[in-house]
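**Q** There's a structure below that I have some questions on.
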Ligand code: ADP
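Written out as structure tokens, the structure reads:
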């Protein structure tokens, strides 16, 4: 038995989950938010209680210390060296990392070299890693990449039709994201399919950021997010794929800078931009039910784009055995799943048990009927357990 910690550091946050391995039992979890502020927020689970504190946290180093002190104070651990390994989520692994990789000088340098491709994220991951290294200098750490699972894609699935020079010089290609979630869901889905050979899954990770992947026997064949998480399907606040000249035209007409438009495409578009209602799909859904035409259009666009990707991936895989819905919206919003399912059911011979669809909220459930040509499942995702598994591997070997 060993305790390992899954860590997810953002530019001003540190999320953590402590596991007892190999049982995969969650011992505690929590978050430090607003790092760098006088009024940072620290939350930690102690048994069934969630404790919350507002305090000054000057940097990630201090945040790590606060987490460790709290775990000792609340008798979650007696000594910080009970933590035998840490696993760190890293958003961008570029073309270098096909799997989780132990942190060493080379790993660190490569993550650092990829900062231009994910400026906010990779920088923050390294700051977080350094903070842990200071407190636990001899504890092994592993980097778990959001992009690694997608590295099995063929060039025809990841290259963009741009000048070769740009592709090579600036490493411009599709990397995808949410890979840890897609990997987890493909493992669960393949297990549910049992002995069948040639398992073809279409996995819809629909959270506030959202992506779809096509997998064959557990390997990623195609994924919707692109160079950055702006690409692919329409999301809560992101556009997803568009004619690239939309950028040019808005820039020309509005006089705004590309940087400004890039931020708008990331943070003020998608469901939010089209509906003008909210960046939370629940609000958009409620407004659509109240007859708001903009909210209705937003959801029609949203579901049309997802349905189109599912159709595209059906062709890419030469068929499909299972469609999986997951993440915040995919797990909890039957009415939004229904919008998508109604757009694909005829062409793909998908037959849904609508009662089951309505019941499936935050639980694993098959929502298709036994006669459906493609099985449809709701499966809650678990990225942290994948990080914990890879951290545990470090000390098991
Ligand atoms: P992320 O990790 O990308 O922040 P999540 O996977 O937590 O995203 O998903 C958050 C999204 O899930 C939010 O837009 C939220 O509105 C949506 N969501 C959660 N529950 C429901 C629900 N019952 N109905 C509709 N949307 C929901």
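In the numbering used here, the protein residues as written are -14 to 382.
Glycine is no exception: its CB is placed at the ideal position from the N, C-alpha and C atoms.
For clarity, every value in this text was computed on a predicted model and none was experimentally measured.
Compute the minimum distance between the beta carbon of residue 221 and the heavy atoms of the ligand ADP, and state whether it is under 7 Å.
**A** Flag set: Cβ of residue 221 near the ligand ADP.
**Q** Taking 8 Å as the threshold (C-beta atoms), are residue 315 and residue 191 in contact?
**A** Going by C-beta atoms, residue 191 is nearer than 8 Å to residue 315.
**Q** Closest by CA to residue 362, which one among 377, 341 and 374?
**A** The shortest Cα separation from residue 362 among 377, 341 and 374 belongs to 341.
**Q** Could you check where the alpha helix (DSSP H) with residue 235 kicks off and where it finishes?
**A** Its alpha helix (DSSP H) spans residues 230 to 239.
**Q** What does a CB cutoff of less than 6 Å around residue 151 pick up in its chain, not counting 5 residues either side in sequence?
**A** Closer than 6 Å at the Cβ level, and outside the excluded window around residue 151, lie 157.
**Q** Comparing the CB of residue 215 with every heavy atom of the ligand ADP, is any distance shorter than 7 Å?
**A** No, Cβ of residue 215 sits at least 7 Å from all heavy atoms of the ligand ADP.
**Q** Check whether chain B comes within 8 Å of residue 121, counting only Cβ atoms and requiring the distance to be less than that.
**A** The structure shown contains no chain B, having only a single protein chain.
**Q** With distance defined between alpha-carbon atoms, name the residue in 13, -13, 45 and 7 nearest to residue -5.
**A** The option with the nearest alpha carbon to residue -5 is 45.
**Q** Scan the region 227 to 314 and note each continuous alpha helix (DSSP H) run of 4 residues or more that stays entirely inside, going in chain order.
**A** List check, alpha helix (DSSP H) in window: 230 to 239, 243 to 252, 255 to 260, 266 to 274 and 278 to 302.
**Q** If we ignore side chains and look at the alpha-carbon of each, how far apart do residue 360 and residue 40 end up?
**A** Residue 360 and residue 40: Cα-Cα distance of roughly 49 Å.
**Q** What residue range is occupied by the uninterrupted alpha helix (DSSP H) comprising residue 41?
**A** Segment: none, residue 41 is in no alpha helix (DSSP H) and carries neither H nor E.
**Q** With DSSP as the reference, identify every bridge partner of residue 350, one or two as the case may be.
**A** According to DSSP, which records beta bridges pairwise, residue 350 is partnered with 363.
**Q** Enumerate, from N- to C-terminal direction, the unbroken alpha helix (DSSP H) stretches of 4 or more residues contained entirely within the region 133 to 211.
**A** You should have 140 to 143, 149 to 154 and 164 to 178.
**Q** Any idea if residue 253 is buried or exposed, counting beta-carbon neighbours within 10 angstroms, 16 or more meaning buried?
**A** Residue 253 should be labelled exposed.
**Q** Quick check on the DSSP output: what are the complete alpha helix (DSSP H) runs of length 4 or more inside the region 313 to 341, in order along the chain?
**A** DSSP runs (the alpha helix (DSSP H)) wholly in the region 313 to 341: 319 to 333.
**Q** At what residues does the beta strand (DSSP E) containing residue -10 begin and finish?
**A** Segment -13 to -6, the beta strand (DSSP E) holding residue -10.
**Q** Under 8 Å between the Cβ atoms of residue 110 and residue 75?
**A** Contact: yes.
**Q** Would you kindly check if the distance between the Cβ of residue 321 and the Cβ of residue 266 is under 8 Å?
**A** Contact: yes.
**Q** For the pair the region 171 to 184 and the region 119 to 131, tell me if three or more CB-CB distances fall below 8 Å.
**A** Result no; under three Cβ-Cβ pairs closer than 8 Å.
**Q** Determine, using beta-carbon pairs with one atom in the region 283 to 297 and one in the region 322 to 336, whether at least three such pairs fall under 8 Å.
**A** Judged by Cβ distances under 8 Å, the region 283 to 297 makes contact with the region 322 to 336, as three or more pairs qualify.
**Q** Between the Cα of residue 48 and those of 97, -8 and 92, spot the shortest distance and give me the residue it belongs to.
**A** Answer by Cα proximity: -8.
**Q** What is the DSSP secondary structure of residue 374, counted as helix, strand or coil?
**A** Helix at residue 374.
**Q** Taking residue 14 and residue 30 to be in contact with their CB atoms under 8 Å, please state how far apart those CB atoms are, rounded to whole angstroms.
**A** The pair is a contact, with the Cβ atoms about 5 Å apart (cut-off 8 Å).
**Q** Compute every distance between the C-beta of residue 255 and the non-hydrogen atoms of the ligand ADP, then say whether any falls below 7 Å.
**A** Residue 255: no, Cβ never under 7 Å from the ligand ADP.
**Q** Can you tell which of 207, 85 and 379 has its C-alpha closest to the C-alpha of residue 137?
**A** Comparing Cα-Cα distances from residue 137 to each of 207, 85 and 379, the minimum goes to 207.
**Q** As a quick exercise: from 4, 154 and 58, pick the residue whose alpha carbon is nearest that of residue 71.
**A** The shortest Cα separation from residue 71 among 4, 154 and 58 belongs to 4.
**Q** Which whole-angstrom value describes the C-beta separation of residue 250 and residue 223, a residue pair presumed to lie in contact below a C-beta threshold of 8 Å?
**A** Right, the Cβ-Cβ distance comes to about 7 Å (below 8 Å), so this counts as a contact.
**Q** Going along the chain, which residues of its own chain have a beta-carbon closer than 7 Å to the beta-carbon of residue 246, five neighbours each way excluded?
**A** Here the set comprises 232, 235 and 236.
**Q** If you draw a straight line from the C-alpha of residue 160 to the C-alpha of residue 213, how long is it?
**A** C-alpha separation (whole angstroms): 7 Å.
**Q** For the ligand ADP, any of its heavy atoms closer than 7 Å to the Cβ of residue 270?
**A** Indeed, a heavy atom of the ligand ADP lies less than 7 Å from the Cβ.
**Q** Residue 108 lies in the alpha helix (DSSP H); which residues open and close that run?
**A** Per DSSP, residue 108 belongs to the alpha helix (DSSP H) from 104 to 120.
**Q** Starting from residue 2 and walking both ways along the beta strand (DSSP E), at which residues does that stretch end?
**A** Element bounds for residue 2: -1 to 6.
**Q** In chain order, what residues of the same chain lie with their CB nearer than 6 Å to the CB of residue 106, ignoring the 5 residues before and after it?
**A** Within the same chain, residue 106 has close Cβ partners 76.
**Q** Select from 187, 243 and 258 the residue whose C-alpha is nearest the C-alpha of residue 220.
**A** The shortest C-alpha separation from residue 220 is found at 258.
**Q** Helix, strand or coil for residue 101 per DSSP?
**A** Residue state, collapsed to three classes: helix.
**Q** Could you tell me which residues DSSP puts in a beta bridge with residue 74?
**A** 129, per the DSSP bridge assignment.
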